[in-house]
Amino acid sequence: MLDSEVPQEGNSTLGGHRKAMYARGADGKLHIVQSAGWEVEEIVTKQAVDDLLRLTEEARQRVLAGQTSPLEYHMYRVRMDVPLLAQASGIWQWRIRRHFRPAIFARLSPALLATYADAMGLSVEQLKKVD
Amino acid sequence: MEFQHSQASHCESGVMSAMLRHHGLPLSEPMTFGLSSALSFAYLPIIKINGLPLVAYRMPPKAIIKGLQKPLGLKMRFETFGNPAAGVTRLNELLDQGKLVGLQTSVFWLPYLPEDLRFHFNAHNVLAFGREASGDYRLSDPVAETVVTCPPADLQRARFAKGALAPKGLLYYPVGTPQTPDWQKVLPAAITKTTRIMLDAPLPIIGVRGIRWLAKAIEKLDTGADAAHSKMFIGQVVRMQEEIGTGGGGFRFIYASFLQEAADLLGRPALGELAEQLIDIGDEWREFALATARMIRDRDPLYPPKLADKLRAIADREQAFFRDLRRAA
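As structure tokens, this is what we get:
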């Protein structure tokens, strides 16, 4: 890649940041060139972000329909899945899945709620409801 | 000495380059990357990230920090903490002594990074070089354009995030002063090690064989009912190649830059010619990324065998390249 070919088409996922790339200059040597973004990167990053947004929104709808608890919604909102939440909270995966049942979630002890809230960087109040 | 920030393309090589420069040994980012034999390829179907297999274009985290110790006669001190409060106290203590401290962090909890790039990736390296009067940490994140600040609560979360590659509060700093190495000795050794990883790994998922193994997995992807999952799979490969601070082309350009430096230091123009070949290979990786992105967006029909063929062509070229490199070293 020549330094004149470094993509500068912008990438909304970079939030205005520019990243460092290595490209060949006129002297044939590679050097750092700042890139405002490449559409290819934007496509694959957006793909991953959009998939998490979709899971979050689907969970939100199910919370409103009484089919799951806010725990599942917040888990996706902070870009986690069940295995990761289990590692972050120290609670077994099957137990987390059980806590997705609204009736069981409603009866959780304050201590358990605090453990979940802490693992996801939320307050207990936030954890109990969906936005 | 006042700390100097400079932007790098990859966090770990950038951290080590800045740290060594601060301690009086100016090594470029590509030199820290190449000297620690960090270039690689691995397709790890057993390790899942959000349900998708891990694809890596470099050696595992900490390979650069550890790999520089031997060639530079450098001793790095690593400290992890069972208890976050102890980790915070220790970091503050080192900063009060005026030390420059490397930290392993989770990208998700660093508020200064762009929202869309904050995933739960636990092996991001940053340097801490002081504190503001407000208590916020002054950080040099190699992938950022300028120095940044980070509130203590966020940094603590980032250092003690759980999950795969959990940092456990890891901090590191050099003890003693790094020395300019004997280039005639350390450069050929580092290059030879990389050719061994790429050509002779005992597992078929590492090195050139790993690229072919990935090609096989991509070829088998479903284009019917499960097309959405197939697109996530190929998208993940490209994210690892381009998005995660690789300098482009899955670290191939950064390694080519290292070879150019090595050619000058050793007075061996053959390495410079090989660098040219590797730049071409990096461009082919970028073409693969472009073809993949077009299929994800349905600009081209989703046809995984075409991507698999492209990967096999790259594997053939890399095999020939690393054989030539082995002879040249």
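These protein sequence lines map, in sequence, to chains A and B. In case it helps, numbering that gives the first Met the number 0 puts the first sequence at residues 0 to 130. In case it helps, numbering that gives the first Met the number 0 puts the second sequence at residues 0 to 328. We treat Cβ as the ideally placed atom computed from N, Cα and C, and that holds for glycine.
Close Cβ partners of residue 133(A) (< 7 Å) along its chain, the five nearest in sequence each way excluded: The requested residue 133(A) is not part of the displayed model; chain A covers only 0 to 130.
Spatial distance of residue 31(B) from residue 30(A) (CA atoms): Here the question's residue 31(B) lines up with position 32 in the second sequence. Here the question's residue 30(A) lines up with position 31 in the first sequence. Approximately 15 Å between the Cα atoms of the pair.
Per-residue DSSP class, three states only, for residue 8(A): In the first sequence, residue 8(A) corresponds to position 9, counting from 1. Residue 8(A) falls in the coil class under three-state DSSP.
Euclidean distance between Cα positions of residue 142(B) and residue 198(B): Locating residue 142(B) in the second sequence gives position 143, counting from the first residue. Locating residue 198(B) in the second sequence gives position 199, counting from the first residue. So the alpha carbons of these two residues sit roughly 30 Å apart.
Positions along the segment 10-22 of chain A whose CB lies within less than 8 Å of some CB in chain B: 11, 12, 13, 14, 15, 16, 17, 18, 19, 20, 21, 22
Residues that residue 204(B) bridges to, as DSSP identifies them: As a working mapping, residue 204(B) is identified with position 205 in the second sequence. Paired residue(s): none; residue 204(B) is not in a bridge.
Top-ranked residue by Cα proximity to residue 4(A), from 16(A), 20(A), 118(A), 14(A): Translated into positions along the first sequence, residue 4(A) becomes position 5. Checking every option, the nearest Cα to that of residue 4(A) belongs to 20(A).
Interface residues of the segment 125-150 of chain B facing chain A [CB-CB below 8 Å]: 142, 143, 144
Rounded straight-line distance, which links the Cα of residue 26(B) to that of residue 178(B): In the second sequence, counting from the first residue as 1, residue 178(B) sits at position 179. In the second sequence, counting from the first residue as 1, residue 26(B) sits at position 27. Roughly 11 Å between the two C-alpha positions.
Neighbouring residues, chain B, relative to residue 125(A) (Cβ below 8 Å): Counting from 1 along the first sequence, the entry for residue 125(A) is found at position 126. Per Cβ cutoff of 8 Å: no residues; residue 125(A) is ~16 Å from chain B at best.
Span separating the alpha-carbon of residue 113(B) from that of residue 66(B): In the second sequence, residue 113(B) corresponds to position 114, counting from 1. In the second sequence, residue 66(B) corresponds to position 67, counting from 1. When rounded, the distance between both Cα atoms is 30 Å.
Collapsed DSSP secondary structure at residue 166(B) in the structure displayed: Residue mapping note: residue 166(B) aligns to position 167 of the second sequence, counting from 1. Of the three classes helix, strand and coil, the one that applies to residue 166(B) here is coil, per DSSP.
Top-ranked residue by Cα proximity to residue 101(B), from 8(B), 138(B), 69(B), 242(B): The count along the second sequence starts at 1 and reaches residue 101(B) at position 102. Of the candidates 8(B), 138(B), 69(B), 242(B), the one whose C-alpha sits nearest the C-alpha of residue 101(B) is 138(B).
Straight-line gap, residue 24(A) to residue 70(A) (C-alpha atoms, nearest Å): In the first sequence, counting from the first residue as 1, residue 24(A) sits at position 25. In the first sequence, counting from the first residue as 1, residue 70(A) sits at position 71. Each residue's alpha carbon lies about 52 Å from the other.
Burial state of residue 326(B), where buried means 16 or more other Cβ atoms lie within 10 Å: Locating residue 326(B) in the second sequence gives position 327, where the first residue counts as 1. It is exposed - the Cβ of residue 326(B) has fewer than 16 other Cβ atoms within 10 Å.
Which residues DSSP lists as bridging residue 124(B), in chain order: Within the second sequence, the letter at position 125 stands for residue 124(B). Answer is 103(B).
Where residue 1(A) falls: helix, strand or coil (DSSP): Indexing the first sequence from 1 puts residue 1(A) at position 2. Residue 1(A): strand per DSSP, three-state reduction.
8 Å contact criterion, which residue 6(A) and residue 36(A) should meet: CB distance rounded: Residue mapping note: residue 6(A) aligns to position 7 of the first sequence, counting from 1. Residue mapping note: residue 36(A) aligns to position 37 of the first sequence, counting from 1. With a Cβ gap of about 7 Å, residue 6(A) and residue 36(A) count as contacting.
Residue 39(A) - partner residues in DSSP beta bridges: In the first sequence, residue 39(A) corresponds to position 40, counting from 1. Residue 39(A) pairs with nothing; no bridge assigned.
Proximity test, Cβ basis, 8 Å: residue 78(A) and chain B: One-based indexing of the first sequence puts residue 78(A) at position 79. Yes, residue 78(A) counts as interfacial toward chain B.
Residue-level contact to chain B via CB, residue 42(A), 8 Å cutoff: Residue numbering aside, residue 42(A) sits at position 43 when the first sequence is read from its first letter. Answer yes: the Cβ-Cβ gap between residue 42(A) and chain B drops below 8 Å somewhere.
Residue 19(B) to residue 40(A) span [Cα, whole Å]: Indexing the second sequence from 1 puts residue 19(B) at position 20. Indexing the first sequence from 1 puts residue 40(A) at position 41. Going by the C-alpha atoms only, they are around 31 Å apart.
Beta-bridge pairing of residue 6(B) - partner residues as DSSP gives them: Stepping through the second sequence from its first residue, residue 6(B) is reached at position 7. Note: residue 6(B) sits in no beta bridge, so no partner.
Rounded straight-line distance, which links the Cα of residue 48(B) to that of residue 231(B): One-based indexing of the second sequence puts residue 231(B) at position 232. One-based indexing of the second sequence puts residue 48(B) at position 49. Between residue 231(B) and residue 48(B), the C-alpha separation is close to 11 Å.
Residues of the segment 106-120 of chain B whose Cβ lies closer than 9 Å to any Cβ of chain A, in chain order: 107, 108, 112, 113, 114, 115, 116, 117, 118, 119
Short CB-CB distance (under 8 Å) between residue 7(B) and chain A: The sequence position of residue 7(B) within the second sequence is 8, counting from 1. Cβ-Cβ to chain A under 8 Å: yes for residue 7(B).
Residues from the segment 277-310 of chain B in contact with chain A, defined by Cβ distance under 9 Å: 278, 281, 282, 285, 288, 289, 291, 292, 293, 295, 296
As assigned by DSSP and simplified to three states, the class of residue 231(B): Walking along the second sequence from the start, residue 231(B) turns up at place 232. In this structure, residue 231(B) counts as helix in the three-state DSSP scheme.
DSSP three-state assignment for residue 1(B), whether helix, strand or coil: Within the second sequence, numbered from 1, the residue matching residue 1(B) stands at position 2. Of the three classes helix, strand and coil, the one that applies to residue 1(B) here is coil, per DSSP.
7 Å Cβ shell around residue 251(B) - same chain, five flanking residues per side excluded: Against the second sequence, residue 251(B) aligns to sequence position 252. Cβ neighbours of residue 251(B) beyond the five flanking positions: 277, 280, 281, 284.
Within chain A, partners of residue 49(B) - CB distance below 7 Å: On the second sequence, residue 49(B) is found 50 positions in, with the first residue counted as 1. Simply 80.
Neighbour list for residue 256(B) in chain A, Cβ cutoff strictly below 8 Å: Working through the second sequence from its first residue, we reach residue 256(B) at position 257. Within chain A, the residues near residue 256(B) are 21, 28, 29, 30.
Chain A residues whose Cβ lies nearer than 7 Å to that of residue 161(B): In the second sequence, the residue the question calls residue 161(B) occupies position 162. Per Cβ cutoff of 7 Å: 86, 87.
Residue range of the alpha helix (DSSP H) that includes residue 73(A): Residue 73(A) sits at position 74 when you count from the first residue of the first sequence. Its alpha helix (DSSP H) spans residues 69-76.
Beta-carbon gap between residue 80(B) and residue 161(B) smaller than 8 Å: Here residue 80(B) is taken as the residue at index 81 of the second sequence, counted from 1. Here residue 161(B) is taken as the residue at index 162 of the second sequence, counted from 1. Cβ distance not < 8 Å, so residue 80(B) and residue 161(B) don't count as in contact.
Start and end residues, beta strand (DSSP E) containing residue 44(B): Walking along the second sequence from the start, residue 44(B) turns up at place 45. Where residue 44(B) is concerned, the enclosing beta strand (DSSP E) stretches over 38-48.
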